[in-house]
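Trainee: Quick one: the structure is below, and I'll ask about it shortly.
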Amino acid sequence: MSKWTGKSKGSPLGYRIFISLLKKDVRLAYLLLRPVSFFYLIFSNKKSIFHFYHKRLNYSKLKTIRSIYGNYVFLGKVLIDKIAILSGQKEQFTFDFEGEEYLHELVENKQGGLLLGAHMGNWEVAGELLERVDSVINILMVEVERQNLKEVLEKAMEEKKVNIIPIKDDMSHMFSVIEAFKNKELVAMHGDRFVEGSPIVELDFLGAKAAFPIGPMMLASRYSIPVSFVFTLKESNRHYHFYATKGKVYPRFRKPDLKKASTETMVFEYVQYLEKMVLKYPLQWFNYHKFWNSEK
5 MSKWTGKSKG SPLGYRIFIS LLKKDVRLAY LLLRPVSFFY LIFSNKKSIF HFYHKRLNYS
65 KLKTIRSIYG NYVFLGKVLI DKIAILSGQK EQFTFDFEGE EYLHELVENK QGGLLLGAHM
125 GNWEVAGELL ERVDSVINIL MVEVERQNLK EVLEKAMEEK KVNIIPIKDD MSHMFSVIEA
185 FKNKELVAMH GDRFVEGSPI VELDFLGAKA AFPIGPMMLA SRYSIPVSFV FTLKESNRHY
245 HFYATKGKVY PRFRKPDLKK ASTETMVFEY VQYLEKMVLK YPLQWFNYHK FWNSEK
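Numbering (this note's numbering), first residue to last: 5 to 300.
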């Protein structure tokens with residue numbers, strides 16, 4: 005798998021333009037998406053996402069092209085919704101909360117927790133909804149994305165119990181994760197990307213081998229921190245469905261063979277759940293780089 009930089013297609017200027025439209029109605033911002041998505045369909049590098057739909061989901065070439073376009077439209081809507089909700093326009097949306105009680109349980113039991121999501125649906129919306137949970141939320145985010153958000157949403161972030169932990173190439177961000185775990189706080193991050201040089205495990209995902217990070221889950225096991233899989237998926241222009249699984253503490257083993265088996269079990273359960281979500285919401289997994297080992 006190629007190194008992932010975490011850089012998205014959003015920019016501070018783009019965020020400001022959309023915010024000006026969002027003050028009226030998100031539908032005005034949505035109107036810009038069709039031509040923009042068509043532009044990316046024609047001119048962007050589609051090799052990896054084409055592989056996803058055509059090879060992994062076995063779509064025909066025509067359905068693959070339509071799905072790529074639909075994926076770009078969803079990505080645009082998710083970015084617009086992210087800005088709308090984090091900038092105080094949450095009343096434009098409705099939400100279902102499935103498994104929210106599991107997160108309250110983590111806080112009430114003073115356990116802390118690792119909330120593992122993916123680059124699908126609307127991760128930032130999930131973070132906003134977690135304000136319903138009475139705990140500090142530490143969100144791991146690549147530096148470039150943190151800076152983009154900071155320029156337009158700094159005040160909104162300061163008013164919430166949200167702490168952004170920038171992901172560093174030297175892995176120093178893991179010390180912040182450890183500190184959060186020791187304080188029994190919640191740590192939210194993606195589980196479908198890794199920084200080059202970090203520990204990984206290769207597992208079957210949609211019929212082919214792919215690499216997944218293991219560092220955060222190993223730390224959660226070491227500090228007896230429950231792990232919950234958390235996703236927020238868009239079901240219509242104005243409605244999101246929030247999912248959270250019951251927190252699970254994975255045992256810590258010191259023997260190398262047992263430790264390896266335990267780690268693979270942790271990640272395997274996450275991969276199974278991710279696969280379930282991807283198959284249910286195939287247009288909302290935003291993967292635009294080489295993911296599977298079999299990709300040419």
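Backbone N, C-alpha and C fix where the C-beta goes; we use that ideal spot for every residue, glycine too.
According to DSSP, is Lys252 helix, strand or coil?
Mentor: The answer is strand: DSSP assigns Lys252 an E or B state.
Trainee: At what residues does the beta strand (DSSP E) containing Gly121 begin and finish?
Mentor: Membership of Gly121 in the beta strand (DSSP E) is indicated by the continuous run 117-121.
Trainee: Does the Cβ-Cβ distance between Thr249 and Tyr227 come in under 8 Å?
Mentor: For the 8 Å CB-CB criterion, Thr249 and Tyr227 do not form a contact.
Trainee: Which residues does DSSP pair with His243 in a beta bridge?
Mentor: In DSSP, His243 forms a bridge with Thr98, Ser240.
Trainee: Out of Ile141, Glu109, Glu273, state which residue places its alpha-carbon closest to the alpha-carbon of Met221.
Mentor: Met221 has its Cα closest to that of Glu273, out of Ile141, Glu109, Glu273.
Trainee: Using DSSP's beta-bridge definition, name the partner residues of Pro217.
Mentor: Per DSSP, the beta bridge partners of Pro217 are Ile204.
Trainee: Between which two residues does the alpha helix (DSSP H) harbouring Pro4 extend?
Mentor: It is not possible to answer for residue 4, since the shown part of the chain is limited to 5 through 300.
Trainee: According to DSSP, is Met175 helix, strand or coil?
Mentor: coil
Trainee: Is the beta carbon of Ser232 less than 8 Å from the beta carbon of Leu107?
Mentor: It is a contact, given that the beta carbons lie within the stated cut-off.
Trainee: If you follow the beta strand (DSSP E) that Leu190 is in, where does it begin and where does it stop?
Mentor: 190-194
Trainee: Under 8 Å, do Phe97 and His243 count as touching if we go by C-beta distance?
Mentor: yes
Trainee: Should the stretch 208-215 be regarded as contacting the stretch 76-90, the criterion being three or more beta carbon pairs within less than 8 Å?
Mentor: no
Trainee: Please tell me whether Leu144 and Ile169 are closer than 8 Å, where the distance is taken between their beta carbons.
Mentor: yes
Trainee: Using a Cβ distance threshold of 8 Å, determine whether the stretch 108-124 contacts the stretch 195-203, with at least three qualifying pairs required.
Mentor: yes
Trainee: Measuring CB to CB, does Ile209 end up less than 8 Å from Glu279?
Mentor: With the sequence shown as reference, residue 209 is identified as Phe, and Ile is not the correct amino acid for it. Yes, they are a contact pair.
Trainee: So, for Ile182: in the same chain, excluding its five sequence neighbours on each side, which residues have a beta-carbon less than 7 Å away from its beta-carbon?
Mentor: Leu223
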